[in-house]
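Numbering (the working numbering), first residue to last: 561 to 1278.
Here the structure comes first, spelled out in structure tokens, and everything after it is commentary.
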């Protein structure tokens, strides 16, 4: 089913609010919106009997229409347009009639006419947030992003009122998804897009946007994930667990759980507080475990917080007796260090496994089963579950994970997906309806307990095996065209940018404006070509100097940015001084501080974890965005120089992505090969190794004289 076929209209009104239709009934209930189908075909092809319009009371009086028992009257849409148009012609300040006419046009998918009506209304009510919202909403549905941005800027005085309203905010995000416009917003546009500041105020608002996009683009997001995994030679399996409420006949304990869940939906019960109190049924379920007590229960019920790292939600490192997180993932005990492939389990809290210890999580149970049966290869199971994350966020994490040939990705979905919605994907629905003799297997309405994860893991592995996912396929089938997942890719990019925008705003000690001012103060007048190099130089070597001398010869003015993040062996102050001294003979070189925007934990955190997180994909998009949109224009940089790094995967990925991104901003990239001395590639890490061994003669051969003198003075007698 296509995006357009599955789109829900945002046109109908209930009272003074538009109704948004969400794909998930559960989410629709949670948001208290009712879905309303609307036609996308021109009204001339519709009978007036197919759609009706309920008239405002003022119109009833004007035209002598008799109200029904609800005080309203309904006629066909054609008659409605005629009557409302006539009403507005007689009284251009009839706000109610204008609002109703916009509604009718939107119901019929006639967004251009709705836009015209809204603009006429604004001529009489220029401070009306209602009509500005309608105008923006229709422009995004049309879609006309440039005009929507212009209108947002023109009416910026009422924009805060619009975007502070949750319903309107969601409506605008949903319009981006429905029209597919989200897939056409470039990174340059995102930086200035009027929705970005309001959606990134805090984590809750970013999640709201991510969930809205998920509701409209769920199938497209999964197709994007499937295409990525298979393009890397892996296998993608979609699994959906039935919730407890869907299980038919229930035990007495299960009835208690469902009742508590329903009471929480109505606000009668604080579900989190109720679980924290360790209800009696929890004691019954977990008393078989010798380690169970109130302390154990509280430890497995909580755990690590989520953090944003390089524009993605991940888990904060956490250590306790029963819940542990390393490198952003919950620990899977007994996972082999030597393996042929990985099986990644992606999902939210049902993959993280709230309410069980590390050894009892779903991924840990799958790892146990691998140890019991020979599948022809050794698999390491990775727990990629993030509590409280949206599907959009989970897929963002998946796209940032290195998948290798023969790997298997099991994605535990949040919504049921109909068969055939994603070509080549057969959703695996797993449930445990009673009667069964498995005992109590649910911890709450959404999560398995320590016993339930065992049965769920067995089901997953049997489905994966039955689908042939353990067979390494040499010839991958042809992938669908990019246009099928363009909107999903746009949704992922928007959410990634919102995380980045929020983090950047929160963590910028010296903000962007002050850094730009620093650059302007240190800019050199140059009418020729301007280039730049970013270096860490921990410390600067003859290899670095070779790169800088080549770059200086290639341009009229060269800026050397020294990475300011103080996470290296040598301090930033020492590195900056040593670089400055080492390039003093290059008269067209200016050494600058890198600030918070060049290769820092904010813009490129993988650089600082490359030795521990070796399966992470480097994402240079944010680094490139700041450099190209803010830094390069201030200094007039048109060429960027990089050193080739054949032995560092993270740096190599960085170089590859920069080569793809920078030219789109009109910036040339020049990658320079590293030099060797005595048949060894010169590197800063080798200098540090020699320093540890006190081999100063070896150091002298591969570093500039200022560095050698500094090391002798500082470390000779240590």
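Beta carbons: idealized from backbone N, C-alpha and C, even for Gly.
Cα-Cα separation between residue i and residue j, rounded to whole angstroms
i	j	result
residue 995	residue 1002	14 Å
residue 998	residue 921	17 Å
residue 1186	residue 1157	7 Å
residue 719	residue 1063	23 Å
residue 637	residue 693	23 Å
residue 741	residue 907	27 Å
residue 661	residue 706	25 Å
residue 1221	residue 699	29 Å
residue 604	residue 728	Residue placement at residue 604 is flagged as unreliable, the pLDDT there being 30, under the threshold of 50; a coordinate-derived value is accordingly withheld.
residue 918	residue 848	17 Å
residue 1271	residue 1239	24 Å
residue 1093	residue 1149	10 Å
residue 912	residue 730	28 Å
residue 1268	residue 1261	9 Å
residue 602	residue 640	Its pLDDT being 31, under 50, residue 602 is placed unreliably by the model, and the measurement read from it follows with that caveat. Roughly 15 Å separates the two Cα atoms.
residue 1119	residue 1213	23 Å
residue 1050	residue 682	31 Å
residue 654	residue 769	34 Å
residue 1055	residue 754	15 Å
residue 890	residue 1011	19 Å
residue 786	residue 1048	12 Å
residue 680	residue 751	30 Å
residue 1151	residue 1234	21 Å
residue 802	residue 928	23 Å
residue 677	residue 647	13 Å
residue 1202	residue 1192	15 Å
Run of the beta strand (DSSP E) containing residue i, from where it starts to where it stops
i	result
residue 874	872-875
residue 858	Careful: residue 858 lies outside any beta strand (DSSP E), inside the alpha helix (DSSP H) at 854-861.
residue 792	Segment: none, residue 792 is in no beta strand (DSSP E) and carries neither H nor E.
residue 937	Neither: residue 937 is in no beta strand (DSSP E) and is coded neither H nor E.
residue 869	866-869
residue 901	901-907
residue 989	988-990
Buried or exposed (CB count within 10 angstroms, at least 16 for buried), residue i
i	result
residue 822	exposed
residue 1043	exposed
residue 1112	buried
residue 931	exposed
residue 1295	The question about residue 1295 has no answer here: the residues shown for the chain are numbered 561 through 1278.
residue 872	buried
residue 844	exposed
residue 978	exposed
residue 1183	buried
residue 876	exposed
residue 650	exposed
residue 1276	exposed
residue 864	buried
For residue i: DSSP bridge partner residues
i	result
residue 1094	1121
residue 1201	1093 and 1230
residue 787	Partner(s): none; residue 787 has no beta bridge.
residue 1086	Answer by DSSP bridge pairing: none, since residue 1086 is not bridged.
residue 971	798 and 906
residue 943	890 and 905
residue 1236	1241
residue 885	878 and 890
residue 1008	1002
residue 832	Paired residue(s): none; residue 832 is not in a bridge.
residue 1152	1121
Range of the contiguous alpha helix (DSSP H) that encloses residue i
i	result
residue 698	689-701
residue 1148	Premise fails: residue 1148 is in no alpha helix (DSSP H) and is neither H nor E.
residue 815	812-825
residue 955	951-959
residue 845	840-846
residue 1024	1012-1026
residue 671	671-684
residue 1269	1265-1275
residue 996	Neither: residue 996 is in no alpha helix (DSSP H) and is coded neither H nor E.
* Asked: Are at least three pairs of beta-carbons, each pair with one atom in the region 950-965 and one in the region 770-782, less than 8 Å apart?
  -> yes
* Specify whether the region 1097-1105 and the region 1123-1142 touch according to this definition: at least 3 beta carbon pairs, one from each stretch, less than 8 Å apart. => yes
* Do the region 1248-1256 and the region 1217-1236 meet, that is, are 3 or more Cβ pairs less than 8 Å apart? -> With the cut-off at 8 Å, the region 1248-1256 and the region 1217-1236 do not touch.
* Determine, using beta-carbon pairs with one atom in the region 886-894 and one in the region 1078-1092, whether at least three such pairs fall under 8 Å. => no
* **Cβ contact check for the region 1022-1033 and the region 792-801: 3 or more pairs under 8 Å** => For the pair of segments examined, the region 1022-1033 was found to touch the region 792-801: the number of CB pairs separated by less than 8 Å reaches three.
* Flag this pair as touching only if the region 938-946 and the region 900-916 have three or more C-beta atom pairs under 8 Å; answer yes or no. => yes
* Should the region 978-988 be called in touch with the region 777-792, which here means at least 3 C-beta pairs below 8 Å? -> The region 978-988 vs the region 777-792: in contact.
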